[in-house]
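First comes the structure, then the notes that go with it.
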Ligand SMILES: Nc1ncnc2c1ncn2[C@@H]1O[C@H](COP(=O)(O)OP(=O)(O)OP(=O)(O)O)[C@@H](O)[C@H]1O
Ligand SMILES: [Mg+2]
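In the numbering used here, the protein residues as written are 433 to 942.
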């Protein structure tokens, strides 16, 4: 008998419909899967054979052909197991009920359990758009799928449970629509823990308000890592759209927490400096997302920036500007979004004490040059703000006074973001850092005094056009934090100070 079951496949972030056709006919006994399956799909035969054995069903010694349509698109992974198994049972007439409008995804274990698969969220969105009324997913992925409204989701534990349900012997209850539990904020890191560092904290407030990239330079123990780790807690809340975009990337990477499957907090990724280019921007035979995409709508923190491989850092330059990365491999071309804020920290030299007030630097000139040459001029130019984080003086460190909390800073950040959303209404820009090069002067209107100030610095410091644009964008954010329509000279002065330190560390920067 012939049967047809609906399933879904995945390529990068794109889900696509798959029809599983099963035909059992007389002939030499064999079990074949066609339709460009990869090894994982082909191996499903063994899993299904063993899983059926656990419910006392034996595959008949006939000629069994499974076709995964469309037959010209490569199928990979284990998500088709469940549909193949159901198709087989239907062809064997073990399932008699109508399966129209039902879609199945899941891996089957040798023992008959249904195991979780990656990419359930994008597949659920497609299932809903294709008009399926019921979606059967592994129980572990059910919460993730139930975040999408308009489709009934069933979380399946075992194949026995599913067969009883389909045959109306013991109906399962659909998964309740997902509701985000209240997140416990106790483990949130707070800016009030950081003593002193007023300048650095203000710079990070500007960074959060405008979505800018930032580089922190300072001696060991000055609090750079400490400050960076607190940055996520002053960022504005994610919109529903941002949350779904980021969750999709985590879903296909299999990185979602089954208890909190929808990402509501902006991601904070901090890869180790030994990371490879593929790990950072993505890749592999079927290209998977790298750290820059996992940081989408959040932060990528590169601690000890100068320890990273220079080539690895440089391949990040183009995605940083385009907010997406396209990877081409034999399996096809995939584009992943990567709109992230880059936060980096480094010491001024290998020993860490170059320019320190009290301690002597023990590095030779060439050691310092080699250390700094890891960061190319163009990469340095992509840091909108560059700040020096000096060690905290003793009286500030020992003071009992409580510094401002992250919540208070965040309120100001939210206000500034609101102004920006209003300004960029109808465009695809969401914050000042994203103002494209050609539009900077249109959006960043300065008073005359501010213009003169920027012009003088431009000529005196020999800045590049890109640096000029950066100064204007950062000035715009500082003005937004002060709720000023026009950029005043004090806003521009603060921006110039934040934007021009980098040249000290990467000479010459033009
Ligand atoms: N401003 C500060 N207020 C309170 N504690 C601080 C401050 N700065 C540093 N510390 C303490 O010093 C420790 C080291 O700070 P941190 O790891 O942030 O330094 P760093 O600048 O990243 O150093 P390195 O260059 O070695 O990575 C922190 O865990 C924290 O306990
Ligand atoms: Mg550190």
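Don't be surprised by glycine CBs; every beta carbon is placed ideally from N, CA and C. The model shown is predicted, which means the values in this text are computed figures rather than measured ones.
Rounded separation between residue i and residue j - CA only
| i | j | result |
| --- | --- | --- |
| residue 815 | residue 484 | 58 angstroms |
| residue 460 | residue 491 | 14 angstroms |
| residue 626 | residue 827 | 14 angstroms |
| residue 494 | residue 596 | 25 angstroms |
| residue 712 | residue 729 | 16 angstroms |
| residue 517 | residue 480 | 6 angstroms |
| residue 594 | residue 570 | 11 angstroms |
| residue 941 | residue 753 | At residue 941, the pLDDT of 38 sits below 50, so the modelled position is not reliable and the matter cannot be decided from this model. |
| residue 792 | residue 891 | 34 angstroms |
| residue 908 | residue 858 | 19 angstroms |
| residue 860 | residue 867 | 10 angstroms |
| residue 649 | residue 512 | 50 angstroms |
Nearest-angstrom Cβ-Cβ length linking residue i and residue j, presumed shorter than 8 angstroms
| i | j | result |
| --- | --- | --- |
| residue 515 | residue 452 | 4 angstroms |
| residue 879 | residue 921 | 7 angstroms |
| residue 823 | residue 543 | With 8 angstroms as the limit, residue 823 and residue 543 do not qualify as a contact, their Cβ atoms being about 59 angstroms apart. |
| residue 906 | residue 638 | 7 angstroms |
| residue 660 | residue 763 | No, residue 660 and residue 763 are not in contact; Cβ-Cβ is about 36 angstroms, not under 8 angstroms. |
| residue 723 | residue 751 | Residue 723 to residue 751, Cβ: 11 angstroms. No contact. |
| residue 775 | residue 731 | 6 angstroms |
| residue 692 | residue 662 | Between residue 662 and residue 692 the Cβ distance is about 21 angstroms, and since that is not below 8 angstroms, they are no contact. |
| residue 500 | residue 456 | With 8 angstroms as the limit, residue 500 and residue 456 do not qualify as a contact, their Cβ atoms being about 16 angstroms apart. |
| residue 552 | residue 507 | Going by Cβ atoms, the distance from residue 552 to residue 507 rounds to 16 angstroms, so no, they are not a contact pair. |
Unbroken alpha helix (DSSP H) run spanning residue i, endpoints
| i | result |
| --- | --- |
| residue 555 | 552-561 |
| residue 564 | From DSSP, residue 564 is part of no alpha helix (DSSP H); its letter is neither H nor E. |
| residue 592 | 591-598 |
| residue 932 | Where residue 932 is concerned, there is no enclosing alpha helix (DSSP H), given that its DSSP letter is neither H nor E. |
| residue 634 | 630-642 |
| residue 587 | First-last for residue 587: 584-588, but that is the beta strand (DSSP E), not the alpha helix (DSSP H). |
| residue 812 | 809-813 |
| residue 519 | 513-523 |
| residue 442 | Here residue 442 belongs to no alpha helix (DSSP H); instead the beta strand (DSSP E) covers 434-443. |
| residue 474 | 471-474 |
DSSP state of residue i mapped onto helix, strand, coil
| i | result |
| --- | --- |
| residue 794 | coil |
| residue 892 | helix |
| residue 942 | The predicted model places residue 942 with a pLDDT of 38, which falls under 50 and marks its position as unreliable, so this point remains unresolved. |
| residue 678 | helix |
| residue 907 | helix |
| residue 768 | strand |
| residue 655 | coil |
| residue 758 | strand |
| residue 715 | strand |
| residue 691 | coil |
| residue 462 | strand |
| residue 729 | coil |
| residue 497 | strand |
| residue 748 | coil |
| residue 720 | strand |
| residue 842 | helix |
| residue 848 | helix |
| residue 698 | coil |
| residue 920 | coil |
Beta strand (DSSP E) segment containing residue i, residue limits
| i | result |
| --- | --- |
| residue 914 | Taken as a continuous stretch (DSSP letters only), residue 914 belongs to no beta strand (DSSP E), as it is neither H nor E. |
| residue 879 | Run containing residue 879: none; DSSP gives neither H nor E here. |
| residue 818 | 817-820 |
Ligand 2 heavy atom lying under 7 angstroms from the CB of residue i
| i | result |
| --- | --- |
| residue 735 | yes |
| residue 661 | no |
| residue 575 | no |
| residue 777 | yes |
Interface flag, residue i vs chain D, CB-CB below 8 angstroms
| i | result |
| --- | --- |
| residue 924 | Absence of chain D from the displayed structure is noted, only one protein chain being present. |
heavy atom of ligand 1 below 7 angstroms from residue i C-beta
| i | result |
| --- | --- |
| residue 658 | yes |
| residue 654 | yes |
| residue 627 | yes |
| residue 649 | no |
| residue 489 | no |
| residue 784 | yes |
| residue 824 | yes |
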